[in-house]
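Take a look at the structure below.
There are 2 protein chains.
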Amino acid sequence: MDMKTIGIDLGGTNLRAGVVDEKGSILVEKSIRTETDKEPAYVIQQMNDMIKELMDGHDISSIGIGSPGPLNPHEGRILSPPNLPGWEDVPLVDEVQAAVDVPVHLDNDANAAALAEAAFGAGRGHASSFYITISTGIGGGYVLDGKIVQGAQGYAGEIGNMILKPDGPSWSNLNAGSFEALASGTSIGREGKARLGVDGGAEEVFRKVKEGHEAAALIVDDTITYLAMGIANLTHIVNPSVFVLGGGVMQAEDLLLVPLRERLNDYLYPQLRNQVKLEPAELGTKAGLIGAALLGRTEAL
Amino acid sequence: MDMKTIGIDLGGTNLRAGVVDEKGSILVEKSIRTETDKEPAYVIQQMNDMIKELMDGHDISSIGIGSPGPLNPHEGRILSPPNLPGWEDVPLVDEVQAAVDVPVHLDNDANAAALAEAAFGAGRGHASSFYITISTGIGGGYVLDGKIVQGAQGYAGEIGNMILKPDGPSWSNLNAGSFEALASGTSIGREGKARLGVDGGAEEVFRKVKEGHEAAALIVDDTITYLAMGIANLTHIVNPSVFVLGGGVMQAEDLLLVPLRERLNDYLYPQLRNQVKLEPAELGTKAGLIGAALLGRTEAL
Numbered sequence: 099m100d101m102k103t104i105g106i107d108l109g110g111t112n113l114r115a116g117v118v119d120e121k122g123s124i125l126v127e128k129s130i131r132t133e134t135d136k137e138p139a140y141v142i143q144q145m146n147d148m149i150k151e152l153m154d155g156h157d158i159s160s161i162g163i164g165s166p167g168p169l170n171p172h173e174g175r176i177l178s179p180p181n182l183p184g185w186e187d188v189p190l191v192d193e194v195q196a197a198v199d200v201p202v203h204l205d206n207d208a209n210a211a212a213l214a215e216a217a218f219g220a221g222r223g224h225a226s227s228f229y230i231t232i233s234t235g236i237g238g239g240y241v242l243d244g245k246i247v248q249g250a251q252g253y254a255g256e257i258g259n260m261i262l263k264p265d266g267p268s269w270s271n272l273n274a275g276s277f278e279a280l281a282s283g284t285s286i287g288r289e290g291k292a293r294l295g296v297d298g299g300a301e302e303v304f305r306k307v308k309e310g311h312e313a314a315a316l317i318v319d320d321t322i323t324y325l326a327m328g329i330a331n332l333t334h335i336v337n338p339s340v341f342v343l344g345g346g347v348m349q350a351e352d353l354l355l356v357p358l359r360e361r362l363n364d365y366l367y368p369q370l371r372n373q374v375k376l377e378p379a380e381l382g383t384k385a386g387l388i389g390a391a392l393l394g395r396t397e398a399l
Numbered sequence: 099m100d101m102k103t104i105g106i107d108l109g110g111t112n113l114r115a116g117v118v119d120e121k122g123s124i125l126v127e128k129s130i131r132t133e134t135d136k137e138p139a140y141v142i143q144q145m146n147d148m149i150k151e152l153m154d155g156h157d158i159s160s161i162g163i164g165s166p167g168p169l170n171p172h173e174g175r176i177l178s179p180p181n182l183p184g185w186e187d188v189p190l191v192d193e194v195q196a197a198v199d200v201p202v203h204l205d206n207d208a209n210a211a212a213l214a215e216a217a218f219g220a221g222r223g224h225a226s227s228f229y230i231t232i233s234t235g236i237g238g239g240y241v242l243d244g245k246i247v248q249g250a251q252g253y254a255g256e257i258g259n260m261i262l263k264p265d266g267p268s269w270s271n272l273n274a275g276s277f278e279a280l281a282s283g284t285s286i287g288r289e290g291k292a293r294l295g296v297d298g299g300a301e302e303v304f305r306k307v308k309e310g311h312e313a314a315a316l317i318v319d320d321t322i323t324y325l326a327m328g329i330a331n332l333t334h335i336v337n338p339s340v341f342v343l344g345g346g347v348m349q350a351e352d353l354l355l356v357p358l359r360e361r362l363n364d365y366l367y368p369q370l371r372n373q374v375k376l377e378p379a380e381l382g383t384k385a386g387l388i389g390a391a392l393l394g395r396t397e398a399l
């Protein structure tokens, strides 16, 4: 039997919804701008309208929503995401569930993308995978035996808050010297401003590296060191079969991936050197929608 | 039907073997000194003799061995444990398997203890648990859904090598500023020598704290900070339902546990504060043997 589910990618910029088949293909997709200046109730109504249209003519068995965190996946509540201003403790699953007669699930966007990459992207065929999105921030999702590890309070995969250097920079509500404060796109941009005096963020730093700018190359080199440390920690904690690296910063994959694989060896037990697989994500911006559609297909751990 | 299995705790000091029933009770136990000055083949022969005696009169369905690491649980090989000098790449499972007709399993001692605490100790009834042994070194074991997470190369739970402070002390073959170098019994002893000039290791530092010695209290306070950071990292990575704390250092539980629960809050996302459970281990030195007996009862992840 064909299994079709709806995935919804609720982002701070766009609200996307689509019907996904059992092979991970998006059969139909709808996208509108997320009107974050309106009440959550308004956006939820739009979401319910999109779902209704998509369910017309498709036999849908479940609906999954991926959203920026923090959120409570067990209770289906959005807590207070920086990327969705005004969404304070919103019982999103209840609001959508009231409008449909199939099960509705919620998880954070990184966990959704992790599931998609594990099933249909760079993690497929592996017993376990750890998805890392390196973008404005750093997020993650750990998939084991085809299931997302949510954790007791839903905070598994919140690797951006991992402490790597207690005397390092502070950053929003994260720990001082967190992985995110040391190795995200924002941290590359911050160092670009501090060391090079440029305002163009990570993109400008990468551009300067390609032009042969040495101080810019040192910024990227530091980022690679912190990425290697963070990935080594994850290896010595859960030792996944593969790390899948996504997010906007990985568009500079040609500057990052090969030296990162090398640098990682410096922080691993000798027996693990050259054994740990790092692969670029394959599904790009579709991962969130596809992964959301998978939330109802597998149980979470 | 009664399920009985044999657990073997191969330590650097003692070799223990016992028959464990389905409730986790040890029905019969044998213990001898581990003759580490002899060849591994000699010790394995002793182990096989103990197994033969234990199998007499008991219907045994599997045998599990817990050993110091590093080892390869998938291939059943002991690699080169510092605590078992001379055991270089020993195919232990093959050697024992040749002598019996029930399945033989191998995992490291911390993973075995983690399984035992999850099934019959402080982790029972929880969906997931992370066992941390704080002793000469720091080890760990992550149990999810009743199964030990071994990882792709068997290095899951090797949390002693987690980097917490890259400019921190170096330590055997671990990363500079590793969790073990900052928060183990050995590190407490090292700081005792450096700051107090005492040679009695962690025990003497704890004794001095109880006598009201302020500089000794500061050493313990630093240890609590690093333990809190390490546990916060594990929380933001896998968010287990409970942390189970064992090992020799936890004999000073009265000095550690209450302040550690408090300090942990400093490094957690606000929504997680006072939500993360830290519990002392319950099975003591029996955990290794009981957990080894469980290796064949559940699949590993």
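Chains as they are written, first to last, in the numbering used here: chain B, 99 to 399; chain R, 99 to 399. Virtual Cβ for every residue (Gly too), placed ideally from N, Cα, C. Predicted model, so just to flag it, every value in this text is computed and none were measured.
Across the structure, residue 333 (chain B) and residue 217 (chain B) are spaced so that their CA atoms are roughly 21 Å apart. Beta-bridge analysis with DSSP links residue 206 (chain B) to B:165.
Sequence-distant partners of residue 120 (chain B) (beyond 5 residues in either direction) whose C-beta falls short of 8 Å from its own C-beta, in its chain, are 100, 101 and 102. The beta carbon of residue 396 (chain R) sits no closer than 9 Å to any beta carbon of chain B. Taking a contact to require three or more Cβ pairs closer than 8 Å, the region 221-230 of chain B and the region 390-397 of chain B do not qualify as touching.
Contact between residue 127 (chain B) and residue 379 (chain B) does not hold, since their C-beta atoms are separated by about 19 Å, which reaches or exceeds 8 Å. For residue 301 (chain B), the three-state secondary structure derived from DSSP is helix. Here residue 314 (chain R) is actually not in contact with residue 104 (chain R); their C-beta atoms are around 44 Å apart, not less than 8 Å.
Look at the beta carbons and you see the region 158-168 of chain R touching the region 191-209 of chain R: at least three pairs across the two are nearer than 8 Å. Ranked by how close their Cα comes to the Cα of residue 231 (chain R), the residues R:376, R:176 and R:346 have R:346 in first place.
CA-CA distance, residue 336 (chain R) to residue 307 (chain R), rounds to 34 Å. In this structure the region 372-387 of chain B does not lie against the region 142-151 of chain B, because fewer than three pairs of beta carbons, one per stretch, are closer than 8 Å. Between the alpha carbons of residue 194 (chain B) and residue 251 (chain B) lies a distance of about 22 Å. Chain-ordered, the chain B residues with CB closer than 7 Å to the CB of residue 253 (chain R) read 333, 334, 337, 367 and 370. For residue 387 (chain B) against residue 114 (chain B), the beta-carbon gap comes to about 5 Å, under 8 Å, which counts as contact. DSSP, reduced to helix, strand and coil, places residue 114 (chain B) within a strand of the structure shown. Under DSSP, residue 194 (chain B) shares a beta bridge with no residue.
For residue 351 (chain R), the CB contacts under 7 Å within the same chain, skipping 5 residues up- and downstream, are 378 in chain order. Within the DSSP secondary-structure output, residue 175 (chain B) pairs in a beta bridge with B:170. Among the CB atoms of chain B, one or more fall inside 9 Å of the CB of residue 271 (chain R). Near chain R, meaning a CB-to-CB distance below 7 Å, the residues of the region 165-195 of chain B are 168 and 177. Between residue 342 (chain B) and residue 197 (chain B), the beta carbon gap of about 34 Å keeps them out of contact (Cβ cut-off 8 Å).
For residue 148 (chain B), there are no neighbours in chain R by C-beta distance under 7 Å, as the nearest C-beta there is about 29 Å away. The beta carbon of residue 393 (chain B) does not come within 9 Å of any beta carbon belonging to chain R, so the residue lies off that interface. Interface annotation, residue 229 (chain B): not in contact with chain R, CB-CB separation never under 9 Å. Bounds of any beta strand (DSSP E) do not take in residue 263 (chain B), whose DSSP letter is neither H nor E.
Per DSSP, reduced to three states, the secondary structure at residue 201 (chain B) is coil, with no helix or strand assignment.
Counting C-beta pairs closer than 8 Å gives fewer than three between the region 242-251 of chain R and the region 287-306 of chain R, which falls short of the contact rule.
Using a CB distance cut-off of 9 Å, residue 399 (chain B) counts as an interface residue toward chain R. For residue 138 (chain R), the enclosing alpha helix (DSSP H) begins and ends at 138-153. From the beta-carbon of residue 259 (chain R), the residues of chain B found nearer than 7 Å are 334 and 367. Here the alpha carbon of residue 357 (chain R) sits roughly 35 Å from the alpha carbon of residue 188 (chain B). Among the residues of chain B, none has a CB under 8 Å from the CB of residue 207 (chain R); the nearest is roughly 17 Å distant. Contact annotation: residue 134 (chain B) and residue 182 (chain B) have beta-carbon atoms nearer than 9 Å.
Contact note: residue 327 (chain B) reaches chain R through 261 and 264, using a C-beta cutoff of 7 Å and chain order. Less than 9 Å separates the beta-carbon of residue 359 (chain B) from that of residue 376 (chain B).
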